[in-house]
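Have a look at the structure below before the remarks.
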Amino acid sequence: MVDPADMLKGRTRETKIHRDARGRWFNDGTEITHTLLTRAFDAWLRPAPDGSGRWCLSNDINWAYVGLEGPPRFVRSVEVGDGAVTLRLSDDTTAALDPATLRQGPEGALYCDVPGEMTARFDAHAMMQLEALIEEDDEGVFLRIGGARVRPPEVAAPL
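Note that numbering that gives the first Met the number 0 has the sequence shown beginning at 0, numbered continuously upward.
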(Lines of atoms letter the chains of each structure in order from A and count residues from 1; the text may use other names and numbers.)
(Lines give C-alpha, C1' and ligand atoms only; values in the text may rest on other atoms or scores of the structure.)
Protein backbone atom coordinates (compact mmCIF):
# COMPACT_ATOMS: atom_id res chain seq x y z
CA MET A 1 0.00 0.00 0.00
CA VAL A 2 1.31 3.48 -0.90
CA ASP A 3 1.72 6.01 1.90
CA PRO A 4 0.42 9.44 0.73
CA ALA A 5 3.16 11.17 2.75
CA ASP A 6 5.77 9.32 0.68
CA MET A 7 4.18 10.63 -2.51
CA LEU A 8 4.69 14.24 -1.35
CA LYS A 9 8.36 13.90 -0.39
CA GLY A 10 10.45 16.38 -2.32
CA ARG A 11 7.40 18.31 -3.50
CA THR A 12 6.38 21.80 -2.52
CA ARG A 13 3.31 23.98 -2.56
CA GLU A 14 5.41 26.97 -3.64
CA THR A 15 4.80 28.39 -7.13
CA LYS A 16 6.03 31.33 -9.18
CA ILE A 17 2.42 32.35 -9.85
CA HIS A 18 1.26 35.77 -8.69
CA ARG A 19 -1.45 38.32 -9.40
CA ASP A 20 -0.61 42.00 -9.57
CA ALA A 21 -2.63 44.87 -8.09
CA ARG A 22 -4.47 45.33 -11.41
CA GLY A 23 -5.71 41.72 -11.37
CA ARG A 24 -3.34 40.31 -14.00
CA TRP A 25 -1.91 36.82 -13.43
CA PHE A 26 1.75 35.96 -14.04
CA ASN A 27 3.87 32.83 -13.88
CA ASP A 28 7.60 33.43 -13.38
CA GLY A 29 7.25 36.95 -14.82
CA THR A 30 5.25 35.96 -17.91
CA GLU A 31 1.67 37.21 -18.06
CA ILE A 32 -0.99 34.51 -18.24
CA THR A 33 -3.47 35.63 -20.88
CA HIS A 34 -5.65 32.54 -21.35
CA THR A 35 -9.09 33.84 -20.34
CA LEU A 36 -10.47 30.58 -18.96
CA LEU A 37 -7.32 29.94 -16.92
CA THR A 38 -7.29 33.42 -15.39
CA ARG A 39 -11.00 33.10 -14.57
CA ALA A 40 -10.31 29.77 -12.89
CA PHE A 41 -7.45 31.29 -10.89
CA ASP A 42 -9.73 34.13 -9.75
CA ALA A 43 -12.31 31.57 -8.62
CA TRP A 44 -9.72 29.40 -6.85
CA LEU A 45 -8.02 32.26 -4.96
CA ARG A 46 -8.48 31.97 -1.19
CA PRO A 47 -6.54 32.15 2.05
CA ALA A 48 -4.17 29.19 2.38
CA PRO A 49 -5.72 26.46 4.56
CA ASP A 50 -2.57 26.15 6.69
CA GLY A 51 -3.28 29.39 8.57
CA SER A 52 -0.05 30.98 7.31
CA GLY A 53 -1.79 34.19 6.22
CA ARG A 54 -0.67 33.53 2.66
CA TRP A 55 -2.87 33.15 -0.42
CA CYS A 56 -3.31 30.06 -2.52
CA LEU A 57 -5.08 28.63 -5.51
CA SER A 58 -7.31 25.85 -4.23
CA ASN A 59 -9.54 23.56 -6.25
CA ASP A 60 -11.08 20.13 -5.70
CA ILE A 61 -7.75 18.42 -6.36
CA ASN A 62 -5.07 20.40 -4.53
CA TRP A 63 -3.82 23.80 -3.43
CA ALA A 64 -0.61 25.80 -3.92
CA TYR A 65 0.74 29.14 -2.70
CA VAL A 66 0.58 32.20 -4.94
CA GLY A 67 1.67 35.79 -4.52
CA LEU A 68 -1.00 38.45 -4.33
CA GLU A 69 -0.70 42.20 -4.75
CA GLY A 70 -3.88 44.16 -4.14
CA PRO A 71 -7.28 42.75 -3.23
CA PRO A 72 -8.33 39.12 -3.54
CA ARG A 73 -11.47 40.07 -5.51
CA PHE A 74 -12.44 42.70 -8.05
CA VAL A 75 -15.91 44.06 -8.76
CA ARG A 76 -16.22 43.59 -12.53
CA SER A 77 -19.75 44.97 -12.98
CA VAL A 78 -22.61 46.47 -11.03
CA GLU A 79 -26.37 46.09 -11.40
CA VAL A 80 -28.50 48.79 -9.79
CA GLY A 81 -32.16 48.14 -9.12
CA ASP A 82 -34.89 48.53 -6.51
CA GLY A 83 -32.64 50.34 -4.05
CA ALA A 84 -30.07 47.54 -4.06
CA VAL A 85 -26.74 47.11 -5.78
CA THR A 86 -25.61 43.68 -6.99
CA LEU A 87 -21.93 43.10 -7.66
CA ARG A 88 -20.47 40.68 -10.22
CA LEU A 89 -17.12 39.62 -8.79
CA SER A 90 -13.93 38.40 -10.44
CA ASP A 91 -14.59 34.86 -9.20
CA ASP A 92 -17.82 34.79 -11.29
CA THR A 93 -20.09 35.08 -8.26
CA THR A 94 -22.57 37.79 -7.39
CA ALA A 95 -23.03 39.52 -4.07
CA ALA A 96 -25.22 42.26 -2.66
CA LEU A 97 -23.29 45.42 -1.88
CA ASP A 98 -23.18 46.30 1.81
CA PRO A 99 -22.92 50.11 1.54
CA ALA A 100 -21.51 50.32 5.09
CA THR A 101 -18.32 48.60 3.88
CA LEU A 102 -17.62 51.03 1.02
CA ARG A 103 -14.34 52.91 1.32
CA GLN A 104 -12.12 54.89 -0.97
CA GLY A 105 -8.42 54.14 -1.33
CA PRO A 106 -5.69 56.75 -1.68
CA GLU A 107 -5.78 56.48 -5.49
CA GLY A 108 -9.54 57.14 -5.59
CA ALA A 109 -10.67 53.55 -6.22
CA LEU A 110 -13.64 52.15 -4.31
CA TYR A 111 -13.38 49.03 -2.17
CA CYS A 112 -15.95 46.98 -0.27
CA ASP A 113 -16.20 43.77 1.71
CA VAL A 114 -17.57 40.70 -0.05
CA PRO A 115 -18.46 37.15 1.07
CA GLY A 116 -15.62 35.00 2.31
CA GLU A 117 -14.32 37.84 4.48
CA MET A 118 -12.56 39.31 1.45
CA THR A 119 -12.03 42.77 0.04
CA ALA A 120 -12.96 43.68 -3.51
CA ARG A 121 -11.82 46.65 -5.56
CA PHE A 122 -14.16 48.17 -8.13
CA ASP A 123 -12.52 48.10 -11.56
CA ALA A 124 -12.97 51.07 -13.92
CA HIS A 125 -16.00 49.50 -15.66
CA ALA A 126 -17.81 48.85 -12.36
CA MET A 127 -17.00 52.37 -11.11
CA MET A 128 -18.57 53.85 -14.26
CA GLN A 129 -21.71 51.78 -13.70
CA LEU A 130 -22.20 53.56 -10.36
CA GLU A 131 -22.69 56.87 -12.20
CA ALA A 132 -26.49 56.72 -11.85
CA LEU A 133 -26.07 56.67 -8.05
CA ILE A 134 -23.79 59.72 -7.80
CA GLU A 135 -25.27 62.93 -6.44
CA GLU A 136 -23.92 66.06 -4.80
CA ASP A 137 -25.06 68.28 -1.95
CA ASP A 138 -23.51 71.01 0.21
CA GLU A 139 -21.23 68.44 1.87
CA GLY A 140 -19.94 67.04 -1.43
CA VAL A 141 -20.38 63.97 -3.57
CA PHE A 142 -22.20 60.86 -2.32
CA LEU A 143 -23.82 57.69 -3.60
CA ARG A 144 -27.57 57.32 -3.15
CA ILE A 145 -28.14 53.68 -2.31
CA GLY A 146 -31.55 52.53 -1.12
CA GLY A 147 -32.55 56.10 -0.26
CA ALA A 148 -29.48 56.64 1.94
CA ARG A 149 -26.60 59.02 1.25
CA VAL A 150 -23.43 56.97 1.34
CA ARG A 151 -20.12 58.82 1.58
CA PRO A 152 -17.32 56.25 1.41
CA PRO A 153 -14.57 57.34 3.78
CA GLU A 154 -11.07 57.84 2.42
CA VAL A 155 -8.70 55.35 4.00
CA ALA A 156 -4.95 54.92 3.67
CA ALA A 157 -5.10 51.11 3.69
CA PRO A 158 -8.35 49.89 2.05
CA LEU A 159 -7.38 46.21 2.16
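Quick reminder that beta carbons are idealized off the backbone N, C-alpha and C, glycines included.
As the structure is a computational prediction, the values presented were derived from the model and not from experiment.
- Taking the CA atoms as reference points, glycine 66 sits about 22 Å from proline 105.
- With fewer than 16 other CB atoms across the displayed protein chains lying within 10 angstroms of its CB, arginine 23 is exposed.
- If only complete runs of 3 or more residues are kept, the region 19 to 98 shows the beta strand (DSSP E) at 24 to 26, 44 to 46, 54 to 57, 62 to 67, 72 to 80, 83 to 88, 93 to 95, in order along the chain.
- Leucine 88 is a Cβ neighbour of alanine 119, given a cutoff of 8 Å.
- At the C-beta level, leucine 56 and phenylalanine 73 stay beyond 8 Å of one another.
- Separation of aspartate 49 and threonine 14 (C-alpha to C-alpha, rounded to the nearest whole angstrom) is 16 Å.
- Within the DSSP bridge table, the entry for methionine 117 names Val113 as partners.
- Linking methionine 126 to phenylalanine 25 through their CA atoms gives a straight-line distance of about 25 Å.
- With respect to isoleucine 144, valine 77 sits apart: the two C-beta atoms are not nearer than 8 Å.
- Secondary structure at leucine 132: helix, using DSSP grouped into helix, strand and coil.
- Collapsing the DSSP output to three states places alanine 123 in a helix.
- Your pair proline 152 and arginine 102 checks out as a contact, with CB atoms roughly 6 Å apart and the cut at 8 Å.
- Judged by beta-carbon spacing, leucine 86 lies beyond the 8 Å limit of alanine 99, meaning their Cβ atoms are not closer than that value.
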